[in-house]
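Be aware that the sequence shown starts at 1, since it is given in the working numbering, and climbs by one per residue.
A virtual CB, placed ideally from N, CA and C, is assigned to each residue, including glycine.
Being a predicted model, the structure only gives us computed values, none of them experimental.
A short worksheet on the structure shown next.
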Amino acid sequence: MYTWVPFYQELTAKFLSYTGLELLAILKQLDIEGLTEKDSKGQIIDLTDIDPYSFLSYLNKYGDQRRILLLGQLKQLLALEATVPSDVDGLPNAAAQNVRLFGDLKDRKEGDIEKLRLLYEQVEQDTLTPALFREVLKIYKTAEAKLSEALFYHKPDRYLPINGQTKPWLAKRGLSSSYRTLEGYRSILESVKALDARPFYEISEAAYLENVASRKNMIRYFCVGTMFNDTRDEQLGQFIAESKWMNGYGEEDPDAFDLVKNIPVGSKLAAKVTFNPGNGTFGVGITD
Numbered sequence: 001m002y003t004w005v006p007f008y009q010e011l012t013a014k015f016l017s018y019t020g021l022e023l024l025a026i027l028k029q030l031d032i033e034g035l036t037e038k039d040s041k042g043q044i045i046d047l048t049d050i051d052p053y054s055f056l057s058y059l060n061k062y063g064d065q066r067r068i069l070l071l072g073q074l075k076q077l078l079a080l081e082a083t084v085p086s087d088v089d090g091l092p093n094a095a096a097q098n099v100r101l102f103g104d105l106k107d108r109k110e111g112d113i114e115k116l117r118l119l120y121e122q123v124e125q126d127t128l129t130p131a132l133f134r135e136v137l138k139i140y141k142t143a144e145a146k147l148s149e150a151l152f153y154h155k156p157d158r159y160l161p162i163n164g165q166t167k168p169w170l171a172k173r174g175l176s177s178s179y180r181t182l183e184g185y186r187s188i189l190e191s192v193k194a195l196d197a198r199p200f201y202e203i204s205e206a207a208y209l210e211n212v213a214s215r216k217n218m219i220r221y222f223c224v225g226t227m228f229n230d231t232r233d234e235q236l237g238q239f240i241a242e243s244k245w246m247n248g249y250g251e252e253d254p255d256a257f258d259l260v261k262n263i264p265v266g267s268k269l270a271a272k273v274t275f276n277p278g279n280g281t282f283g284v285g286i287t288d
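Laid out in structure tokens, this is it:
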């Protein structure tokens, strides 16, 4: 477990020497999707800049299998010495629809990306100031949970993500999860350290497993597609007749296939039958 930690330590130490364009070039070499934004007219354009934290978020918007595969590719691209990880235990997923820590060109303010880049530099050099932390939290698309996850990606031994997985864990132990300042965040971290001597990345995984265990008796609902193949053949009648839903994804799409395999036994499926133009299949999404 936690084989990703030493890999991330070497990987993240390299980013200070990379420009935004160089980081984007690496993401393109990895075939990362979604490297676009909207301009002031609402037109889709290619990203021309990115910060290291958003780079890390792009790596983590996929399922576990794809994330590990990407790290293997990065080892080759960047000539890293660390062993390719065999797991991503405790490493939070980034929200695929809200992956960056800055807004589109039409929404962001001048200097937003530069502030995130400076944040990365200060964290790497262990000189983070309350003033910069406060300014970064003002950036559109950056909130407390997202910022703490980004800091955890960067330094998983120094920072704990305060997100949907760890908040119940903290609450169960009588600890606060609310903060708006660096001092407040550090106070939470110190409280966790006083209570639990494990590294933060182990606590992150423990919180996730605790949440999974608490949901064992909870019925979960998933929205599933019913039109498969390029011709969008409707399969709903067959599914109802056989009382069985068939996955439209194949193993050639490891992220989607991994998501479907992880639907808990006993979950209820809601069929999505609304037709949307275009090729492909409908996705599977957790709706609880």
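* Asked: Are there 16 or more other CB atoms within 10 angstroms of the CB of M1, so buried, or fewer, so exposed?
  -> The residue you call residue 1 lines up with position 1 of the sequence shown. Around the beta-carbon of M1, fewer than 16 other beta-carbon atoms lie within 10 Å, marking it exposed.
* **Straight-line Cα distance separating E114 from K75** => Taking the first residue of the sequence shown as 1, we reach residue 75 at position 75. Taking the first residue of the sequence shown as 1, we reach residue 114 at position 114. Cα to Cα, the separation comes out at about 27 Å.
* Straight-line CA distance for K172 to R180? -> In the sequence shown, the residue the question calls residue 172 occupies position 172. In the sequence shown, the residue the question calls residue 180 occupies position 180. C-alpha separation (whole angstroms): 21 Å.
* Compare the beta carbon distance of F7 and A82 with 9 Å and say whether it is the shorter of the two. => Here residue 7 refers to the residue found at position 7 when the sequence shown is read from its first residue. Here residue 82 refers to the residue found at position 82 when the sequence shown is read from its first residue. Yes.
* To do: State the start and end residues of the unbroken beta strand (DSSP E) segment that holds Y221.
  => In the sequence shown, residue 221 corresponds to position 221, counting from 1. Counting along the chain, the beta strand (DSSP E) containing Y221 begins and ends at 221–225.
* Tell me, please, which residues DSSP counts as bridged to A271. => Reading the sequence shown from its first residue, position 271 is the one you call residue 271. BP columns for A271 point to V224.
* Through-space distance from G225 to K268, alpha-carbon basis -> Indexing the sequence shown from 1 puts residue 268 at position 268. Indexing the sequence shown from 1 puts residue 225 at position 225. Near 13 Å, if we compare the C-alpha coordinates of G225 and K268.
* Could you tell me whether the Cβ atoms of G164 and A145 are closer together than 9 Å? => Locating residue 164 in the sequence shown gives position 164, where the first residue counts as 1. Locating residue 145 in the sequence shown gives position 145, where the first residue counts as 1. Cβ atoms of G164 and A145: closer than 9 Å.
* Would you check if the distance between the CB atom of V136 and the CB atom of L116 is smaller than 9 Å? => Taking the first residue of the sequence shown as position 1, residue 136 is located at position 136. Taking the first residue of the sequence shown as position 1, residue 116 is located at position 116. Yes.
* Asked: Smallest Cα separation from Q289: which of D64, A96, D107?
  -> Past the edges of the chain, shown from 1 to 288, lies residue 289, and the structure says nothing about it.
* Asked: Going by other Cβ atoms of all chains shown within 10 Å of its Cβ, with 16 needed for buried, is E110 buried or exposed?
  -> One-based indexing of the sequence shown puts residue 110 at position 110. Exposed, by the Cβ-count rule.
* Asked: What does DSSP give as the partner residues of D46 in its beta bridges?
  -> Along the sequence shown, one-based indexing puts residue 46 at 46. Per the DSSP secondary-structure output, D46 pairs in a beta bridge with T36.
* Among L27, S177, E10, L59, which has the Cα closest to the Cα of D49? -> Against the sequence shown, residue 49 aligns to sequence position 49. The shortest C-alpha separation from D49 is found at L27.
* **For Y58, the nearest candidate out of R134, Y153, R186, Q125 (CA to CA)** => Mapped onto the sequence shown, residue 58 falls at position 58. Answer by Cα proximity: Y153.
* Check whether the Cβ atoms of L182 and S176 lie closer than 9 Å to each other. => As a first step, residue 182 is located in the sequence shown; it is residue number 182 there, counting from the start. As a first step, residue 176 is located in the sequence shown; it is residue number 176 there, counting from the start. No, these two residues do not count as a Cβ contact at 9 Å.
* Asked: Can you tell me whether L160 is buried or exposed, with buried defined as 16 or more other CB within 10 angstroms of its CB?
  -> Walking along the sequence shown from the start, residue 160 turns up at place 160. It counts as buried.
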